[in-house]
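Numbering (our numbering), first residue to last: 1 to 286.
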Amino acid sequence: MSGQTYPDRMIHSEKLGGHMAAAVSGLDLNRADTKTYADLLDALHANLVLCIRDQTLAPVPFRDAMARFGTPVLRKQLAATPDCAEVNIISSEDRDELGDGKKLVNGASWHTDDSFMREPCSLTMLYGVVVPSRGGDTQFTNMYAAYDALPDETKARIADLQVIHKYQSSRQTNRVSKRPASEMAAMPEATHPLVRTHPETGRKALYLNANRMEQVVGLERAESDALLDALIAHAIEPRFQYRHVWRQGDVVIWDNRCTMHKANADYPEGERRLMHRVIVAGTAPV
Ligand code: OGA
Ligand code: MN
């Protein structure tokens with residue numbers, strides 16, 4: 001074989017949802033070359049959610065593979081694997097350790113990762129290590145399409161609006177883990193535009209997070225709540241969604257700048273679900 005570890009003809013890709021999401025198979029991320037990673041990034045930009053099937057990746061190789069898409073960043077709100085601090089764990093065993101100690105489902109309401117940060121991560125990579133026999137799907141929604149479908153009048157009204165996002169928002173619909181004061185200090189509230197322009201594709205997307213948005217800057221609370229509720233209801237209409245049914249070994253990469261997503265803890269009682277997770281650095285939304 002000359003140079004290229006994986007000849008293109010062995011790599012198969014298929015569309016998953018109609019308007020977003022694709023899957024690639026026949027590829028081992030441990031051995032993929034630079035050209036392949038560039039193609040995967042293009043496929044991600046075109047499809048918003050990209051699934052790479054049948055991977056076998058220990059935490060350090062997983063982190064190293066994901067580092068080809070950006071700079072992995074540490075997030076202390078989630079447990080990390082003992083082998084690699086940048087690989088977090090999303091698990092059916094998750095509990096609010098510093099709070100009431102009760103079971104907690106991370107990501108159970110519609111959100112985009114990290115929006116409470118001033119520079120939210122650009123991409124999230126979730127690797128299905130143990131997947132339940134059924135259920136535990138991740139839902140996604142296409143925020144380019146949601147923006148495009150808004151009436152012109154609404155587009156004009158929201159064009160310059162900014163929203164305050166918080167780790168613990170008073171509008172929160174899903175409990176998030178309690179964090180120590182030292183960590184909270186590193187997560188002051190962040191103000192982001194309601195409509196953002198994707199830095200790579202140049203396309204406009206709605207930027208919402210049902211679980212972290214506090215209030216629209218300059219609007220009374222009631223008016224702000226009504227606007228945010230209406231925009232969320234619009235953005236999660238079934239026509240904008242794709243639902244990922246996990247297979248063990250899937251690495252699913254999504255772009256937080258143009259999607260929202262949601263976990264579903266609806267798998268059978270007593271079954272395990274274990275995901276390894278990496279996020280890569282992004283820039284302040286504009
Ligand atoms: C996440 C997340 C969803 C899931 O990792 O950011 O929201 O289905 N996960 O586990
Ligand atoms: Mn999430």
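Yeah, the Cβ is synthetic: ideal placement off N, Cα and C, and Gly gets one too. From a predicted model like this one, the values you see are computed outputs, not experimental measurements.
State buried or exposed for T138, treating a residue as buried only when at least 16 other CB atoms are found within 10 Å of its CB. buried
Applying the 10 Å Cβ sphere with the 16-neighbour rule, what's the burial state of A65? buried
What separation, rounded to the nearest whole angstrom, lies between the Cα atoms of T34 and D28? 13 Å
Could you name the residues, in chain order, whose CB is less than 6 Å away from a heavy atom belonging to the ligand MN? G107, H111, D113 and H261
In terms of alpha-carbon separation, which member of A43, M275 and V280 lies closest to V129? M275
Candidates K262, H111, E93 and S109: closest to K103 by CA position: E93
Hey, out of A181, N106, P72 and N209, whose CA is closest to P59's CA? P72
What is the DSSP secondary structure of A235, counted as helix, strand or coil? helix
Ordered along the chain, which non-local residues of its own chain (more than five positions away) have a Cβ less than 7 Å from that of V286? P193, R196 and T197
Under three-state DSSP, which class holds L227? helix
I need the boundaries of the alpha helix (DSSP H) containing E153, first residue and last residue. D152 to I158
Is G282 closer than 8 Å to S122 when the C-beta atoms are compared? yes
Report yes if the CB atom of Q55 is closer than 8 Å to the CB atom of S177, and no otherwise. no
Identity of the residue in S224, A149 and V217 nearest A235 by Cα: A149
Among the residues of its own chain, which have a CB less than 6 Å from the CB of Y147, if the five just before and after it don't count? K204, A205 and L206
Beta-carbon proximity of H261 to C51, cut-off 8 Å: no
Under 8 Å between C-beta atoms of V163 and M117: no
For H45, the nearest candidate out of E97, N211, F62 and G202 (CA to CA): G202
DSSP three-state call for T349: helix, strand or coil? Because the chain is modelled from 1 through 286, residue 349 falls outside the range shown and cannot be assessed.
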